[in-house]
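**Student:** Numbered per UniProt numbering, the sequence shown spans residues 1 to 255.
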Amino acid sequence: MSKRNTAQRRHAILAFVNDRGETGVDTLAEHFAISEVTVRKDLATLEKSGLLLRRYGGAAPLPQELLGEPRLSPAKRAIARAACGRIREHQRIIIDSGSTTSAMIPGLAGKAGLVVMTNALAVANALRELEEEPMLLMTGGTWDPHSESFQGQVAEQVLRQYDFDQLFIGADGIDPARGTTTFNELLGLSRVMAEVSREVVVLAESAKVGRRIPNLELPWKVIHTLITDEGLGDKSLAAIEAQGIEVIRAAVDAD
């Protein structure tokens, strides 16, 4: 079976388990018209990638406490789609850690010749499942359990050896007057990512605009584009655009 069909099947199995809950191998084999041996191999690969949990005779979705949020919101999915729409084939991009940035990965399928740098294992694992894998670069560095990513001077030194077309990065908060804000005190790598990228694209839900978080991560002067959802009000839109930022309000599909 081709790599394309295998990757597509595994994504479909993951979606099925996430939708139905704990599911038996026999049920998956019947539903996807494949052997139980193939199902077990697929489940082993998905578990190794940190996408689900094996159970006796089947598999189960990751517990919500491991996912970090109940389910990817429609707003985050809309933002991720809009972000992917800005990526052209053969570009060199950085995808930072985070749930919204990770949601971009399926949208990269079919974009030939990409080079993707990331500091997140979850992003790297998801990229490896694409039917046409991009060239994958990892920052290395010191593992930070808070952000679930690699940080530190080693990661910064690795990044400075490259240059990139775009950086896609999330934020804990958006201060219309200052820029992106974060609870994390490890700010160095984010700033180096911006330094080595020609375009810095911030992905953040409109609910994060105006959050009072003390740590300034990226000032507006190094940001080019903010992709948010249609919940962003006109007043906040005007304040951010006054900083010279292109703002995209992605349309959110109803669940």
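Glycine included, C-beta positions come from ideal geometry on N, C-alpha and C. Please read all numbers here as calculations on a predicted model, not as lab measurements.
Do the segment 108-118 and the segment 83-91 make contact, defined as three or more Cβ pairs closer than 8 Å?
**Tutor:** Short answer: they touch.
**Student:** Does DSSP put residue 121 in a helix, in a strand, or in coil?
**Tutor:** Correct three-state label for residue 121: helix.
**Student:** What runs of the beta strand (DSSP E), each 3 residues or longer, lie entirely inside the segment 134-181?
**Tutor:** Here the runs fully enclosed are 135-138, 142-144, 149-151, 164-169, 173-175.
**Student:** So, are the CB atoms of residue 13 and residue 46 less than 8 Å apart?
**Tutor:** Result yes, Cβ atoms of residue 13 and residue 46 sit closer than 8 Å.
**Student:** Indicate whether residue 200 and residue 223 have their beta-carbon atoms separated by less than 8 Å.
**Tutor:** For residue 200 and residue 223, yes; Cβs fall inside 8 Å.
**Student:** Using only the alpha-carbon positions, how far apart do residue 191 and residue 49 sit?
**Tutor:** So the alpha carbons of these two residues sit roughly 28 Å apart.
**Student:** Anyone know if the C-beta pair for residue 43 and residue 60 falls short of 8 Å?
**Tutor:** The answer is no: Cβ separation not under 8 Å.
**Student:** In terms of residue numbering, what span does the alpha helix (DSSP H) encompassing residue 26 cover?
**Tutor:** From DSSP, the alpha helix (DSSP H) with residue 26 extends over 25-32.
**Student:** For residue 120, which residues of its own chain have a beta-carbon under 6 Å away from its beta-carbon, when the five flanking residues on both sides are left out?
**Tutor:** Closer than 6 Å at the Cβ level, and outside the excluded window around residue 120, lie 97, 149.
**Student:** Quick one: give me the first and last residue of the beta strand (DSSP E) that residue 229 is part of.
**Tutor:** Element bounds for residue 229: 225-229.
**Student:** For my contact list, residue 181 and residue 211 are in at a C-beta cut-off of 8 Å; report their separation, rounded to the angstrom.
**Tutor:** That belief holds up - the Cβ atoms of residue 181 and residue 211 are roughly 7 Å apart, short of 8 Å.
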